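Undergrad:
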Amino acid sequence: MNLVLAIVLIVVALIGGVALGFFIARKYMMNYLKENPPINEQMLRMMMMQMGQKPSQKKINQMMAQMNKVQDKPDKKK
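Residues in the sequence shown are numbered from 1434 upward in steps of one, following the numbering used here.
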């Protein structure tokens, strides 16, 4: 009987540890991406120049605002 209880506790602890680790890693990555966005204005300007467009500051600001709006949208669901 004690062996069965020990096995059940080990399985429960393992599942709990995996779930807790997943949520901690998810929260860490969300905070990291919020503080360090993957694309900034310089990268956007460089991408537009590589595509053959001459980027104006107005167009860059519009694209950054749109990207920030899309990035912030999932946070508002919570």
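Built from N, CA and C at the ideal position, the CB exists for glycine as well.
None of these values were measured; they are calculated from a predicted model.
How far does the alpha helix (DSSP H) with glutamine 1483 in it reach, from first residue to last?
TA: 1474 to 1483
Undergrad: Kindly indicate which residue of Met1434, Leu1477 and Ala1446 has the alpha-carbon position closest to the one of methionine 1500.
TA: Of Met1434, Leu1477 and Ala1446, the residue nearest in Cα terms is Leu1477.
Undergrad: Quick check on the DSSP output: the alpha helix (DSSP H) that includes asparagine 1435 runs from which residue to which?
TA: 1435 to 1468
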